[in-house]
Amino acid sequence: MSFVLSQYLNQLSLLQYNVQVHFSYPVKYIHSYQTTVISKYRMNESNGTTSEQTTVEPNIRTFAEDLLTPVQLKDFEYDYANIHYPVPFNKLVSDISNRYVNYGVKIESVPFVLTGDIPNFEKQTSEVLMMTGASDNHALGSFNCLFSMVVADPYASYMYIDLGLSTRFRNILFTHFNTIHQIQKKMNSTGFIAYRKFKFNSFPAWIKLAGNKQQRGGYAWKVIPLGDAYFAWKGIVFWLDGGSLIREGISRELTNVRMDGIYSPPSSGNQHKWTYFATAKFLVRNHLIDRFNPRDPNASGGHLIIDWSNKTVLNKVMIPYYQCAFTQKCMSPRGSSMKNHRQDQAVLSAFLSNLKTTRSMNSNYLAIPGLRLEHNNNFQKCELLLGNELKTIQNNFQIDVKSTFISKKKMKYIRVMTKYGSRSVDKAWNPAI
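Residue numbering for the sequence shown follows numbering that gives the first Met the number 0, beginning at 0 and increasing consecutively.
Written out as structure tokens, the structure reads:
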């Protein structure tokens, strides 16, 4: 399929936003460059408010070959012409039910779980929606991640993205849903549990995980569900990769996101090392970012928190990030691989650098969970972590937790060791006490 940019953006109309700078006062806009601004005003007759539609023409400084600058293209192919869409592109983008298996169909064993539309944040006990997901190889770690979310905020809502779980692991997940629902009721939480199974068969081959070890689907299968939840929930959305385990609460992440509208901690290397040149070129030429500096640091795609109320982030990060996830030239160009590109992480890093946030990618505001604790799906090791999380929930909130998956005897504290985390475990702490 071949698209002129304007035609392509029109296909993304399900967001129900114009892709433009959209002012919502009082919001502080961050600009690091000189611009010429042409404004037009439109009256919203439904509520009597005025919105400003703005065309920004950047006058960007050029730093030798370190900086790409926008080029105005008269006509070009937006994505590769020979991409096959099992579901027509306009239907894939405009109808969310095409993106998930059995969307909105109730699951008999867990009838309280939302499988279709989720509510907007309004009267729930927490504004936070926490998300994770996995296929079989990270299944047990992702289940432990879910329970660490409950430890961090028992009043939050939780969404799990099924990326190819077998029946065996899906049944274990549903067993855990029953346990979490039991905890929610005891805590008088009005948060919900949601489950969506990503419909890979609706997407072109480049987005699929199977048989795609070099590019891993561009991790578009993570960004698209994240965007779908973010645009619907309209609160704070927090994505954690399946091997993560929250050990120190989420107060630092919440502070960071309320300051900047988005937070992602730094990761190793810089954008020169982990951003394929074709992605940087695409982002700049299509005016999704104003400039690209390869010396800028990297963000982390596996630990990301976003606040809907920040309209700068909405317009300058989340809308284009979501659009990019449907576009191979943007997210995972041909010629890129895990050796020279970090797909979703690379694109996110470019957006955050362009926005010039103060706390993301900044070690002075580091907030990360324990990372890579899926233990290769080792049942014994993952069960120890699960027992630790359930013991913590019981004692922190003074409730009795029953699980049909793990016995009470196995709910006990352990020393959680991780190579990656905000801090090491205090050696003087005795988990047996």
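Just so it is clear, CB atoms sit at the ideal spot from N, CA and C, and this is done for glycine as well.
Compute the beta-carbon to beta-carbon distance between residue i and residue j, rounded to the nearest angstrom, for a pair I have assumed lies under 8 angstroms.
| i | j | result |
| --- | --- | --- |
| K196 | N292 | Not quite, the Cβ-Cβ distance comes to about 39 angstroms (not below 8 angstroms), so this is no contact. |
| W238 | M130 | 5 angstroms |
| Q433 | S299 | The displayed coordinates of the chain run from 0 to 432. Any statement about residue 433 would go beyond what the structure contains. |
| C144 | G241 | 6 angstroms |
| V400 | T178 | 7 angstroms |
| W273 | N297 | 6 angstroms |
| R251 | A366 | 4 angstroms |
| L303 | S263 | 5 angstroms |
| T189 | K122 | 7 angstroms |
| R358 | D259 | 5 angstroms |
| V312 | I261 | 5 angstroms |
| N361 | P265 | 7 angstroms |
| L97 | S201 | The sequence given here places Asn at residue 97; Leu does not occur at that position. With a Cβ gap of about 5 angstroms, N97 and S201 count as contacting. |
Which same chain residues end up closer than 6 angstroms to residue i when comparing Cβ atoms and leaving out the 5 residues on each side of it in sequence?
| i | result |
| --- | --- |
| L113 | F191, A193 |
| V109 | F173, F176 |
| G217 | M330, S331, Q342 |
| P69 | For P69, the pLDDT reaches just 46, beneath the cut-off of 50, and the residue's location in the model is therefore unreliable, although a value from the coordinates is still provided. Here the set comprises V283, H286. |
| L384 | N143 |
| T115 | Thr is not the amino acid found at residue 115; the sequence shown has Gly there. So the qualifying residues of the chain are Y102, G103. |
| F199 | K207 |
| M416 | none |
| K411 | G386, K390 |
| T348 | Note that residue 348 corresponds to Ser in the displayed sequence, not to Thr. Here the set comprises Q270, N297, A298. |
| D161 | K196 |
| S267 | none |
| A219 | I206, A324, M330 |
| S402 | T178 |
Would the C-beta of residue i count as close to the ligand PLP, meaning under 6 angstroms from any of its heavy atoms?
| i | result |
| --- | --- |
| R251 | Ligands are entirely absent from the displayed structure, and the ligand PLP is therefore not among its contents. |
What residues in its chain sit with their C-beta under 7 angstroms from that of residue i, if we drop five residues either side in the sequence?
| i | result |
| --- | --- |
| M148 | M129, A155, Y157, I245 |
| K409 | E382, G386 |
| P203 | I82, H83, Y84 |
| F168 | D135, A138 |
| F120 | E126, W232, K233, G234 |
| N269 | P293, R294, D295, P296, N297 |
| G437 | Lying before the first or after the last residue shown, residue 437 is absent from the chain, which here runs from 0 to 432. |
| G163 | S134, D135, L208 |
| R257 | D306 |
Just to confirm the assignment, what range does the beta strand (DSSP E) spanning residue i have?
| i | result |
| --- | --- |
| N297 | 296–298 |
| A80 | No beta strand (DSSP E) contains A80, which DSSP labels as neither H nor E. |
| I318 | Per DSSP, I318 belongs to no beta strand (DSSP E); it is in the alpha helix (DSSP H), 318–324. |
| L460 | Outside the displayed span of the chain (0 to 432) sits residue 460, for which this structure offers no information. |
| L303 | 302–306 |
Of the residues the options, which one's Cα is nearest the Cα of residue i?
| i | options | result |
| --- | --- | --- |
| G226 | L282, I305, V283 | I305 |
| A138 | W273, S406, Y412, N375 | N375 |
| A133 | E126, S125, F142 | F142 |
| V283 | F350, V415, I160 | F350 |
| S336 | Y419, P296, W205 | W205 |
| P368 | N339, Y419, I405 | Y419 |
| I223 | A427, K105, L91, F378 | L91 |
| L372 | S243, L162, L389 | S243 |
| N394 | D116, N89, P153, R98 | P153 |
| N429 | R422, R414, V104, C323 | R414 |
| F509 | V346, W220, D289 | Beyond the ends of the chain as shown, which are 0 and 432, falls residue 509; an answer cannot be given. |
| P118 | Q379, V86, I182, F230 | F230 |
| F404 | K184, K426, I171 | I171 |
| Q379 | A431, G140, G334 | G140 |
| Y364 | Y159, S421, A80 | S421 |
| A228 | E388, Q181, I95, K184 | I95 |
| Y79 | R215, F146, F325, V86 | F325 |
| R215 | Q181, K407, R333 | R333 |
Residue i lies in the alpha helix (DSSP H); which residues open and close that run?
| i | result |
| --- | --- |
| L313 | No alpha helix (DSSP H) contains L313, which DSSP labels as neither H nor E. |
| L91 | 88–93 |
| V109 | No alpha helix (DSSP H) holds V109; DSSP gives it neither H nor E. |
| F281 | 276–284 |
Would residue i count as contacting chain B if we go by Cβ distances under 7 angstroms?
| i | result |
| --- | --- |
| M130 | Among the chains of the structure shown, chain B does not appear; only one protein chain is present. |
Using a Cβ-Cβ cutoff of less than 8 angstroms, which residues in the same chain neighbour residue i once the five nearest sequence positions on both sides are dropped?
| i | result |
| --- | --- |
| M186 | P153, Y154, F396, I398 |
| V424 | R414, V415, M416 |
| A427 | none |
| Q181 | V400, K401 |
3 or more residues per run - each beta strand (DSSP E) lying fully within the segment 220–274: 235–239, 265–269
What runs of the beta strand (DSSP E), each 3 residues or longer, lie entirely inside the segment 144–232? 156–161, 192–197
Unbroken beta strand (DSSP E) runs of length 3 or more, entirely within the segment 329–366: which are they? none
Any alpha helix (DSSP H) of 4 or more consecutive residues that is wholly inside the segment 375–431: 378–396
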